[in-house]
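The structure under discussion appears below in the form of structure tokens.
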Amino acid sequence: MDSSDPELLGELLAAVEGIARSGAFTLGPIVDRFEGAFASYCETAHAVGVSSGTEALVLALRAVGLAEGDEVIVPANSFIATAEAVRLAGGRPRFADVDADTQLVTAESLRAARTEAVRGVIPVHLFGRTVELEPILALAREWGAWVVEDCAQAHGARYAGARVGSFGDAGTFSFYPAKNLGAWGDGGAVVTNRSDIAERVRLLRSHGESPRYHHQIVGTTGRLDALQAGVLERKLRRLEAWNEDRRRVADGLRSAIGKLDGVELPALVDPPADHVYHGFVVRCEERDALRAHLKSNGIATAIHYPVPIHRSPAFEDLADGGDVAPTATRLAGEICSLPMFPSMSASQIARIGEAVRQFAVAAGNGANAKHVSPAIARGRAATRA
Ligand SMILES: *Cc1c(COP(=O)(O)O)cnc(C)c1O
Numbered sequence: 297m298d299s300s301d302p303e304l305l306g307e308l309l310a311a312v313e314g315i316a317r318s319g320a321f322t323l324g325p326i327v328d329r330f331e332g333a334f335a336s337y338c339e340t341a342h343a344v345g346v347s348s349g350t351e352a353l354v355l356a357l358r359a360v361g362l363a364e365g366d367e368v369i370v371p372a373n374s375f376i377a378t379a380e381a382v383r384l385a386g387g388r389p390r391f392a393d394v395d396a397d398t399q400l401v402t403a404e405s406l407r408a409a410r411t412e413a414v415r416g417v418i419p420v421h422l423f424g425r426t427v428e429l430e431p432i433l434a435l436a437r438e439w440g441a442w443v444v445e446d447c448a449q450a451h452g453a454r455y456a457g458a459r460v461g462s463f464g465d466a467g468t469f470s471f472y473p474a475k476n477l478g479a480w481g482d483g484g485a486v487v488t489n490r491s492d493i494a495e496r497v498r499l500l501r502s503h504g505e506s507p508r509y510h511h512q513i514v515g516t517t518g519r520l521d522a523l524q525a526g527v528l529e530r531k532l533r534r535l536e537a538w539n540e541d542r543r544r545v546a547d548g549l550r551s552a553i554g555k556l557d558g559v560e561l562p563a564l565v566d567p568p569a570d571h572v573y574h575g576f577v578v579r580c581e582e583r584d585a586l587r588a589h590l591k592s593n594g595i596a597t598a599i600h601y602p603v604p605i606h607r608s609p610a611f612e613d614l615a616d617g618g619d620v621a622p623t624a625t626r627l628a629g630e631i632c633s634l635p636m637f638p639s640m641s642a643s644q645i646a647r648i649g650e651a652v653r654q655f656a657v658a659a660g661n662g663a664n665a666k667h668v669s670p671a672i673a674r675g676r677a678a679t680r681a
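Using the numbering used here, you'd call the opening residue of the sequence shown number 297 and step up by one each time.
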């Protein structure tokens, strides 16, 4: 929380005050400055600030030339916005299954989802773990398809040494407050090395306007607010340190939880992959009982996401009776996001580790069943029923 760091809070409030006094709330020098800093951070030629991560996707899709009816492959396990954006831009999502260990799409799963109408793919660096991009980029080249990387959970992650977002035709980011880089409200960005795409997104985010009151194409109100740019510019300076802290917390959780039967830790990360731990997601067949046990120990967890996109009512019209992404469906019943934030203390980490271990020992060993908390017993009864 920004409010628990007095020095940061002071800087952010001063930035907001400066912008309020200047009265320059829409685009202008502050947004330009943040865009320059974010492009340089992402090691891309351009960054264009927009109003949200969803808008970043929609405008990037329009800028790469998505046409009405084009099909676009998206992961079945992502935040809903990835698929929503395809539909908002006039396309049709095709859902790719994910690898059980990384929970990410692979070149193989994209290949299995391909149709003749597929014009592009959106790999998502979900939870902060980088997708294995090289074979996916090769596949897209073979198909003549474009690639937009959804980096909303992976600010600053590197694949084979370069930042995510710099590999595809474009990369999109969200600055929703809970993301690794969060604004004081909504915001997003499109990064790209292609000046035609950057130019197109700049036009689209502000009514296709160039110059003032001359409208070249049909756009929208999709700009990043100057107030948010001011906040983000200050917070960007701390992003590397926060990501490093997240890795430290992840290492801490790995050793505090240890190797257990029944609770699987996130797969280890080997080069060329990277992980900035937007989430720390474990798998457990008795997931609901694990969550109940943690809750009774004062530890809040979440499920990202309880319903895979291809089975959600919003995309019911695309369902064909079968399950196009059975691994994503199975994972949705087993995944559990443990607490993860950069300032987590050693004692908080130890407490989470202790609670997870206690659950696994109780669930896996009859001799210890008498130590099972009432919450676990209830959860287990419910699981069996
Ligand atoms: C958060 C998120 C988005 C959407 O970003 P908003 O800023 O909330 O619109 C898109 N994709 C993924 C993977 C996300 O996590």
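All residues carry an ideal CB built from backbone N, CA and C; glycine is no exception. Computed from a predicted structure; not experimentally measured.
Runs of beta strand (DSSP E) with 3 or more residues, each lying fully within the region 337-385, are found at 342-346 and 367-371, listed in chain order. Of the other Cβ atoms in all chains shown, 16 or more fall within 10 Å of the Cβ of T468; this residue is therefore buried. Closest option to E364, judged by alpha-carbon separation, among R383, S347 and H571: R383.
Those residues having their beta-carbon less than 6 Å away from any non-hydrogen atom of ligand 1 are, in chain order, S348, G349, T350, S374, F375, A377, T378, V420, D446, A448, Q449, S470, Y472, D482 and G484. For R530, the enclosing alpha helix (DSSP H) has its first and last residue at A522 to I553. For L500, there is no enclosing beta strand (DSSP E); the enclosing alpha helix (DSSP H) has its first and last residue at S491 to L500. For the set A385, A356 and A352, the Cα lying nearest the Cα of E367 is the one of A385. With a contact defined as Cβ atoms closer than 8 Å, V545 and P562 miss out at about 12 Å. With a contact defined as Cβ atoms closer than 8 Å, H342 and T488 qualify at about 5 Å. Here Y455 is bridged, per DSSP, to A458. Within the DSSP secondary-structure output, L634 pairs in a beta bridge with F576. For F611 and L353, the gap between their C-alpha atoms comes out near 18 Å.
The beta carbons of G483 and G345 sit closer together than 8 Å. Scanning its chain for C-beta atoms nearer than 6 Å, with the 5 sequence neighbours on each side dropped, one finds around L556 the residues A656, in chain order. As the crow flies, the alpha-carbon of I553 is around 7 Å from that of E650.
Within the model, the alpha-carbon separation for T378 versus T597 is close to 23 Å. Rounded to whole angstroms, the Cβ separation of V312 and L528 is 12 Å, and the two are not in contact under 8 Å. Taking the CA atoms as reference points, H589 sits about 22 Å from R626.
Per the DSSP secondary-structure output, F391 pairs in a beta bridge with V370. Per DSSP, reduced to three states, the secondary structure at W480 is coil, with no helix or strand assignment. The DSSP-derived three-state label of S470 is strand. Shown here, T398 sits in coil according to DSSP, grouped into three states, outside any helix or strand. Counting along the chain, no alpha helix (DSSP H) covers V620, and no H or E run does either. Bounds of the beta strand (DSSP E) holding D446 are W442 to D446.
Around the C-beta of E582, 16 or more other C-beta atoms lie within 10 Å, and the residue is accordingly described as buried.
The beta carbon of E438 is closer than 7 Å to none in its chain, skipping five residues each way along the sequence.
Contact between L406 and L435 holds, since their C-beta atoms are separated by about 6 Å, short of 8 Å. In this chain, the alpha helix (DSSP H) harbouring G649 covers A642 to G660. The criterion of a C-beta distance shorter than 8 Å is not satisfied by A356 and A474. Separation of S639 and D328 (C-alpha to C-alpha, rounded to the nearest whole angstrom) is 30 Å. Taken through DSSP and simplified to helix, strand or coil, G424 comes out as helix. Pairing I648 with L564 gives a Cβ-Cβ distance that is not under 8 Å.
Apart from sequence neighbours up to five positions away, the residues of its chain that approach D619 with a beta-carbon distance below 6 Å are T625, ordered along the chain.
Rounded to whole angstroms, the gap between the alpha carbons of I315 and D395 is 46 Å.
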